[in-house]
Every structure is written in structure tokens, then in C-alpha cells.
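Using my numbering, read the sequence shown as starting at 70 and increasing by one per residue.
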Amino acid sequence: MGYLSRSRHLAALLPALLFGTGAWAEDNTQDLAKKLSNPIASLISVPFQFNYDSGYGPNDGEKAYVNVQPVIPFTLNDDWNLISRTIVPIAWQHDIAGPSGDQFGLGDISESLFFSPSKPTASGIIWGVGPVFLLPTATDELLGGRKWGAGPTAVVLKQFDGWTVGMLANHIWSFAGDSDRSDINSSFLQPFISYTTKDAWTFTLNTESTYNWEAPDVSIWSVP
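This is the structure we're talking about:
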């Protein structure tokens, strides 16, 4: 039987840095905004996402962090792209594990590699699949799991009439690391929806849920 865990969550996508040449410079502002709504777009970008969570544990712990998320596409051939999507978390947290005090620093980095067709399907579906890797880069033991991990990841979405609707998912198993720390065996789901106006304003809604298969006695869904 599953156990449902909740915490209060706030996320904001901050302005992204864009890089490139004339290959995309001719795109209009709305097209660029739509590409930024696509996590596997063939566009070099560095989005920044701010998150705030509270309600952790018996001391009502809180956590604030910025995810630096560089996206770098590589053209394999006329039909396929390889998209590198890295998430670098920089976090501050307070009493996240009972009366554990404050921690600030780098969390565990995740690296996803998506093999994606260069063009949408006939029905307009954009998709990508590949491996995801978890790197134990945390600067404090409470900011990360001290484990190396890997698993599959996938994303599927559709863009139409200014809308972007999709889902990103992965599953990570740990395979090495600190033997005194709990193994990692978790599923991650992130449905998302966004709308881009004609003057390039984008409004986005997404939620992140994690299923912990290694929780004692029961499996735990962690949802906003």
C-alpha cells in the first residue's frame, strides 16, 4: 500500500540564457518562446528554475534551491538529434531532517541524454528517450544521496496553437556510492502545460512527483 507525502511547493522559471548563431536568429520571438517550452528543442539554452518547498519532517523544514539547467543539442544526422539536459541544483535548506540546522551548497547533478527525431511525427508528437545519470556532487551529506545512479528517461509533448502539453519521466537506480546511505530506486514524473501568447509571453504550469521504492515498509509518493 502506498503512502502519500506532501509538502508545499513553489516554482518559478527565471529568464533563460540563449546561445546560437544565425541558424536560429531568424526565428521570431514567439517561435523562440515556444522552443523554450520544449525541453528537448534543438536550441542551446540555460534556463534557471527557482523552487521553494516547506513542510518537511517533524520540524516543518524548508528548502529553497535554484536549478541551473543547460540544454545542449547535437545533430547526429538528418533524422536524429542528441539533446543533453543537465540539472545543477544550488540549494539552501533548514531543518530538512528534523533539527538538522542549515545547509547551503551544490546538490547532486543529474544528466539526461535524449535521442530525439529531428522532426515531429505526422500527428505533431515530439519525443525523446535515453539514459539519465545521477552524480554524487553534493557539497554536504544532507544535500545529496552520496550515490551514483542511472536509469531510463523519456519525454513526450505536443505543441499546437500556442500550447505545449507533455510529460517528462525517469527512473533511477543507484549502483555505487556510500554503503552507509540508503539505495536509490525512484521514479520521477513531471507533467507540464504552457501557453505562449502572440507577443511571446509564456505561462507555464507543471508538477513534480517522485515514487520512492526503497522507503521502509511502504512505497512513498512525494507530490506537491
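Glycine included, C-beta positions come from ideal geometry on N, C-alpha and C.
Fair warning: this is a prediction, and the values are worked out from it, not measured in the lab.
So, residue i versus residue j, is the Cβ gap smaller than 7 Å?
i: L203; j: Q172; result: no
i: S279; j: F257; result: The question names Ser, yet the displayed sequence has Thr at residue 279. In contact: T279 and F257 (Cβ atoms closer than 7 Å).
i: S243; j: K216; result: yes
i: D148; j: S187; result: yes
i: A223; j: V198; result: yes
i: S255; j: I241; result: yes
Relative to the alpha-carbon of residue i, which residue among the options has its alpha-carbon at the smallest distance?
i: P221; options: L182, D230, S248 and V137; result: L182
i: G167; options: Y134, S185 and Y125; result: Y125
i: F261; options: S248, R250, F184 and V225; result: V225
i: Q138; options: G235, S169, S248 and V115; result: V115
i: A238; options: I165, T155, Q259 and D252; result: Q259
i: D230; options: S123, T265, A191 and I289; result: T265
i: S192; options: V198, W290, Q228 and P200; result: Q228
i: G170; options: A223, S291, G130 and D122; result: G130
Alpha carbon to alpha carbon, what distance is there between residue j and residue i?
i: W93; j: A284; result: Its pLDDT being 44, under 50, W93 is placed unreliably in this model, and the value from its coordinates should be taken loosely. Using only the alpha carbons, I get a separation of about 46 Å.
i: N281; j: P158; result: 20 Å
i: A219; j: W196; result: 20 Å
i: F184; j: S263; result: 23 Å
i: K132; j: H163; result: 6 Å
i: I47; j: P205; result: Because the chain is modelled from 70 through 293, residue 47 falls outside the range shown and cannot be assessed.
i: I178; j: I165; result: 19 Å
i: M236; j: R154; result: 15 Å
i: V135; j: G176; result: 10 Å
i: F117; j: I156; result: 10 Å
i: V234; j: W290; result: 23 Å
i: P200; j: I109; result: 14 Å
i: F119; j: D249; result: 31 Å
i: Y121; j: T98; result: 30 Å
i: G214; j: N107; result: 29 Å
i: V140; j: W232; result: 21 Å
Ordered along the chain, which non-local residues of its own chain (more than five positions away) have a Cβ less than 7 Å from that of residue i?
i: L145; result: L151
i: P127; result: G167
Suppose the cutoff is 6 Å on Cβ atoms and the five residues either side in sequence are ignored; what does the same chain contact list for residue i look like?
i: G174; result: T208, D209 and L212
i: P189; result: I195
i: S111; result: P142 and N150
i: F88; result: Note that F88 scores 49 on pLDDT, short of 50, meaning its location in the model is unreliable; the coordinates nonetheless yield the value given after this. The residues are I113.
i: G91; result: Only weak support exists for where G91 lies, its pLDDT of 42 falling under 50; the coordinates are left without a value.
i: E180; result: T155 and F202
Output needed for residue i: all residues of its chain with C-beta closer than 8 Å, excluding positions within five of it in sequence on either side, in chain order.
i: A245; result: K216 and W217
State yes or no: is the C-beta of residue i nearer than 6 Å to some heavy atom of the ligand MN?
i: W161; result: Here there are no bound small molecules, and the ligand MN is not part of this structure.
Would you check if there are 3 or more beta carbon pairs closer than 8 Å linking the segment 101–119 to the segment 269–287?
Yes: at least three Cβ pairs fall under 8 Å.
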